[in-house]
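Asker: Note that UniProt numbering numbers the sequence shown so that position 44 is 44, with each residue one more than the last.
Encoded as structure tokens, here's the structure I'll be asking about.
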Amino acid sequence: MKNIFNLLATIAFFNGNAQCLSPSNLTLSNFTSTTVEFSWTENGTAMNWEVSIIPDFNVGDSLPTSGTTTASNPHTFINLPQLFGCNVFFVRSLCSSNAYSPWVAIGTGGCSTEINNYLATLSNNTFLFNESKVIVFPNPSNSFMQIKSTSTIDKLTVFDSLGKVVPLQTQNNNEINIENLSNGIYFIEILTDNETIYKKFIKE
């Protein structure tokens, strides 16, 4: 009997081509002890995809920079070391030899609420690591951080490494006071007039 888990799907955009559409409706099914079937809906004309898995996923783990190329949808992962815990499966469309979509991902039911919250911070379809549009400095910092943008900043939200919102004092949406934060890695969500940008910063 086909066994499809009710899983959290999250879109994780990372160095993709906006003209190459990402897959959607990601599903994991037909689990065995070492295999799983991974399927999705192609929203463009791609006939090939890259797939990847990050086992034992933790908050702060890097997203894939590449994956295994496949022409099969669904794609069957085989010889997996284990399928318990938090595993995140990624796919992106290959539209040409040098054009690929942003990654999209689905996490298994073993992912904690904290990890799901963290993944949710990556789920906006305008998620960008855009160095030219927004600058956060100094980074690392132990007191105040400045946020400079080519667009008007409407709102700033800071998340800790577990994906929890951290209340902070802001000054005209261009400065945040991080003096009271514990040392570590944080993410700042910067809402502008036409997109949402995320930046990682370090409190030291």
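For every residue, glycine included, the Cβ atom is placed at its ideal position computed from N, Cα and C.
Could you give the DSSP three-state label for Q146: helix, strand or coil?
Answerer: strand
Asker: Consult DSSP for F89 and reduce its assignment to one of helix, strand or coil.
Answerer: strand
Asker: Spatial neighbours of A71 within its chain, please: C-beta separation below 7 Å, excluding the five flanking residues on both sides.
Answerer: M47, N48
Asker: Report, in whole angstroms, the separation of the C-beta atoms of T68 and V51, which I expect to be a contact under 8 Å.
Answerer: The Cβ separation is near 6 Å, so the contact holds.
Asker: Classify G44 as helix, strand or coil using the three-state DSSP reduction.
Answerer: DSSP places G44 in coil when its eight states are reduced to three.
Asker: If we call anything under 7 Å between Cβ atoms a contact, is F90 one with W103?
Answerer: Result yes, Cβ atoms of F90 and W103 sit closer than 7 Å.
Asker: With distances taken Cα to Cα, identify the nearest neighbour of P55 among Y100, N79, K203.
Answerer: N79
Asker: For I153, which residues in the same chain have their Cβ closer than 8 Å to its Cβ, ignoring the five residues on either side in sequence?
Answerer: I147, N173, N174, I190, L191, T192
Asker: Could you work out which residue in T45, G184, N87, L63 is closest to F159 when comparing CA atoms only?
Answerer: Considering only alpha carbons, the answer is G184.
Asker: Can you give the beta carbon distance from residue 220 to L21, rounded, assuming they're within the 8 Å contact cut?
Answerer: Nothing can be reported for residue 220: it is not among the residues displayed for the chain, which extend from 1 to 204.
Asker: Since E175 is in the beta strand (DSSP E), which residue starts that stretch and which ends it?
Answerer: 175-177
Asker: Would P23 be called buried (16 or more neighbouring beta carbons within 10 Å of its own) or exposed?
Answerer: buried
Asker: Applying the 10 Å Cβ sphere with the 16-neighbour rule, what's the burial state of I202?
Answerer: exposed
Asker: Around the C-beta of Q19, are 16 or more other C-beta atoms found within 10 angstroms, so that it is buried, or is it exposed?
Answerer: So Q19 counts as exposed.
Asker: Which two residues bound the contiguous beta strand (DSSP E) that contains I190?
Answerer: 184-192
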